[in-house]
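See structure below.
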Amino acid sequence: MGRRVELSAEKQEEADKLFKKEAFNIVASDMIALNRSVSDNRDPQCSRVSYPKVMPNASVVIIFHNEAWSPLLRTVHSVVNRSPPEYLHEVILLDDFSDRAGLGEKLDGYIKDTWPDGIVKVVRAPERQGLIRARVLGAKAATGEVLVFLDSHCECNVQWLEPLVARIKESRSALLCPMIDVIDAKAMSYNGIGAGSVGGFWWSLHFSWRPLPQRERKRRKSSVETIRSPTMAGGLFAADRKYFFEIGGYDPGMDVWGGENLEISFRVWMCGGTLEFVPCSRVGHIFRSSHPYTFPGNKDTHGLNSKRLAEVWMDGYKRLFYHHRRDLLVINPQFNADAGDFSDRLQLRRDLKCKSFKWYLENVYPEKFIPDENVIAYGMVRNPSSNLCLDTLSKDEKMVFNLGLYGCQGGVSSNQLFSLSQSNELRREESCMDSVGGEGSPVKLMPCHGSRGHQEWTYNLETKVIVHSSGKCLDKVEEKNGGEVKVEKCNGKDSQIWEFENYIGPS
Ligand code: UDP
Ligand code: MN
Numbered sequence: 020m021g022r023r024v025e026l027s028a029e030k031q032e033e034a035d036k037l038f039k040k041e042a043f044n045i046v047a048s049d050m051i052a053l054n055r056s057v058s059d060n061r062d063p064q065c066s067r068v069s070y071p072k073v074m075p076n077a078s079v080v081i082i083f084h085n086e087a088w089s090p091l092l093r094t095v096h097s098v099v100n101r102s103p104p105e106y107l108h109e110v111i112l113l114d115d116f117s118d119r120a121g122l123g124e125k126l127d128g129y130i131k132d133t134w135p136d137g138i139v140k141v142v143r144a145p146e147r148q149g150l151i152r153a154r155v156l157g158a159k160a161a162t163g164e165v166l167v168f169l170d171s172h173c174e175c176n177v178q179w180l181e182p183l184v185a186r187i188k189e190s191r192s193a194l195l196c197p198m199i200d201v202i203d204a205k206a207m208s209y210n211g212i213g214a215g216s217v218g219g220f221w222w223s224l225h226f227s228w229r230p231l232p233q234r235e236r237k238r239r240k241s242s243v244e245t246i247r248s249p250t251m252a253g254g255l256f257a258a259d260r261k262y263f264f265e266i267g268g269y270d271p272g273m274d275v276w277g278g279e280n281l282e283i284s285f286r287v288w289m290c291g292g293t294l295e296f297v298p299c300s301r302v303g304h305i306f307r308s309s310h311p312y313t314f315p316g317n318k319d320t321h322g323l324n325s326k327r328l329a330e331v332w333m334d335g336y337k338r339l340f341y342h343h344r345r346d347l348l349v350i351n352p353q354f355n356a357d358a359g360d361f362s363d364r365l366q367l368r369r370d371l372k373c374k375s376f377k378w379y380l381e382n383v384y385p386e387k388f389i390p391d392e393n394v395i396a397y398g399m400v401r402n403p404s405s406n407l408c409l410d411t412l413s414k415d416e417k418m419v420f421n422l423g424l425y426g427c428q429g430g431v432s433s434n435q436l437f438s439l440s441q442s443n444e445l446r447r448e449e450s451c452m453d454s455v456g457g458e459g460s461p462v463k464l465m466p467c468h469g470s471r472g473h474q475e476w477t478y479n480l481e482t483k484v485i486v487h488s489s490g491k492c493l494d495k496v497e498e499k500n501g502g503e504v505k506v507e508k509c510n511g512k513d514s515q516i517w518e519f520e521n522y523i524g525p526s
């Protein structure tokens, strides 16, 4: 039933050892039945939905590179056992050039013995493709009407397939993501997640989870209806097979891992389709903390793939990506910033007559904060007497932390990019400068709440002071790299003088 595995001290020791290599608890996984059941954690309304008799059939494409045996086979068993045969056309196991023992003849034999009807097929890549090209190879081998991509460490839940194919029957241009439940990498327990999030992104082009926007709450008439999402997390989604290729499949110039999820997300919206989360379709996924496989050439594939995506799809907004990744801005052999030729992808965008990235931001992701548009001021926030600038000091911006100071970097450090928003927040992408207003207490960066109060700051262009809603002035604690900032009674001294790199003014 997807419950946690308890290990003896001895087994736990072995598991800890192997965890370093596998990035999940393979000892626990090997102890669980390959066809274990999991608890049905769907919204109760889901089991009352009735689906049409005739629906498109699906090819489930599972790609893997050196995946461990038990998670791989548990994925396949869960697909076959929990998909109605009339909608499961085939399962394609795309082996991306694995060299791990057991994934060759042993796997072929197991599949032949277990599913003699041939529903599960193994296709082997002649050389390492990376997950992006591997999925395309799998999709090309598939002949079902719908493609469903899964990672090789998943478990499909009750009735997971029906809502996906039903929605594609209604709308062939919808890319659909199941709700991704969490299989705990340590205890191997299957944990349901709520249906309260959609996908977003950071300007560094990493994926983020966002709370369900108000407009979606209003638009949807019931909790079983699909949820429109600006982006998808990655490996788990369904698409009409022909439509997937019509909109350009995946970018074959992308290597190994990373960025392809945002690329296909931007592309489908900009080129006339939709991206939707399907609350009644649930698939568990083992979230590993690291990649248990090699990156040939030790390339930063996420960075290079993201550069391709920024160049092809983001128009002028690519500047915000490069603000985080100046190392990728020029083709500099020293930094290995060559993302290859992407002229085919630009041509695809023209052929499909896709809309602009501005359209995407305005219509699909209107709550996305743009640091240098429609703001009062942005850029470095500099204290002239010390030449120190406000700086995140590279701390994790999903956390709450004390804001710092660092020598001004001339605009090249993304840690020093701050914006004074039209609603008087001093902010980063998602986090806001916050002070409880007590004299001398450090100023923190924490999630923006959007209701002013402790997060309201005004800038006085004449006196160059930044005044907090408490009436106190932004001030330095210590004049040094890594020093903190505080609010203090306004006194006109040098330590309270601040200049914005770019001042536009209130609108
Ligand atoms: N994969 C692959 N070739 C690669 C890298 C990954 O086929 O070069 C497969 C991997 O086995 C998995 C899927 O792609 O099934 C997604 O990779 P991973 O699970 O590591 O990504 P994550 O879920 O951590 O984002
Ligand atoms: Mn995965």
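Each step along the sequence shown adds one to the number in the working numbering, with nothing skipped, and position 340 is 359. We treat Cβ as the ideally placed atom computed from N, Cα and C, and that holds for glycine.
Reference residue i, options the options, closest by Cα
i      : options                           : result
Glu189 : Asn210, Trp88, Met74 and Ser223   : Met74
Arg93  : Glu41, Thr250 and Asn176          : Asn176
Val165 : Asp391, Trp276, Ser192 and Asp357 : Ser192
Pro390 : Ala120, Met399 and Asn382         : Met399
Asp319 : Ala358, Val349, Ser284 and Cys299 : Ala358
Gly277 : Gly157, Arg238 and Arg152         : Arg152
Glu295 : Arg327, Leu255, Asp270 and Asp274 : Leu255
His96  : Leu112, Glu105, Asn85 and His84   : Leu112
Arg229 : Trp88, Met251, Lys237 and Arg239  : Met251
Ser450 : Cys65, Asp513, Gln441 and Leu464  : Leu464
Ser300 : Arg61, Val99, Gly21 and Arg22     : Arg61
Leu224 : Pro197, Tyr425, Pro232 and Arg327 : Arg327
Gly426 : Met273, Pro403, Ala87 and Ser69   : Pro403
Val79  : Lys36, Ser89, Val57 and Val184    : Val184
Leu493 : Asp132, Ser514, Asp200 and Leu53  : Ser514
Ala438 : Gly524, Pro63, Pro311 and Glu381  : The displayed chain sequence assigns Ser, not Ala, to residue 438. Residue Gly524 is the option with its Cα nearest to Ser438.
Ile82  : Trp179, Phe116 and Asn510         : Phe116
Val46  : Ala34, Glu235, Ala257 and Asn355  : Ala34
DSSP state of residue i mapped onto helix, strand, coil
i      : result
Lys466 : Note on residue identity: the sequence assigns Pro, not Lys, to residue 466. Strand at Pro466.
Glu518 : strand
Trp222 : coil
Ala358 : coil
Gly128 : helix
Cys554 : This structure cannot settle anything about residue 554, because the visible part of the chain is limited to 20 through 526.
Ser526 : coil
Asn434 : helix
Thr94  : helix
Pro71  : coil
Ala120 : coil
Ser227 : strand
Tyr397 : strand
Gly459 : coil
Met418 : coil
Pro63  : helix
Ile45  : helix
Tyr478 : strand
Asn402 : strand
Arg471 : coil
Rounded straight-line distance, which links the Cα of residue j to that of residue i
i      : j      : result
Val243 : Ile51  : 31 Å
Glu25  : Ile202 : 15 Å
Gly423 : Val506 : 13 Å
Gln31  : Ile305 : 19 Å
Lys499 : Leu407 : 8 Å
Trp288 : Cys467 : 27 Å
Gly429 : Trp517 : 15 Å
Trp221 : Thr482 : 34 Å
Phe340 : Glu392 : 15 Å
Leu126 : Ala120 : 10 Å
Asn443 : Val504 : 18 Å
Arg55  : Gly163 : 27 Å
Leu91  : Trp134 : 15 Å
Met273 : Leu150 : 9 Å
Asn317 : Ala396 : 39 Å
Met207 : Val431 : 43 Å
Glu475 : Gly457 : 14 Å
Leu371 : Val419 : 43 Å
Gly219 : Leu231 : 11 Å
Glu181 : Tyr70  : 7 Å
Val455 : Lys491 : 11 Å
Ala77  : Ser241 : 26 Å
Cutoff 7 Å: residue i Cβ touching any chain D Cβ
i      : result
Glu448 : The chain inventory of the structure shown lacks chain D, comprising one protein chain alone.
Please specify which runs of the beta strand (DSSP E), each continuous and at least 3 residues long, are wholly inside the stretch 133–219, giving them in chain order. 139–143, 165–169, 173–175 and 193–202
Are the stretch 130–146 and the stretch 233–248 touching by the rule of at least three beta carbon pairs closer than 8 Å? no
In chain order, each alpha helix (DSSP H) run of at least 4 residues that lies wholly inside the stretch 308–351: 320–332 and 337–343
Any alpha helix (DSSP H) of 4 or more consecutive residues that is wholly inside the stretch 245–292: 260–265 and 279–289
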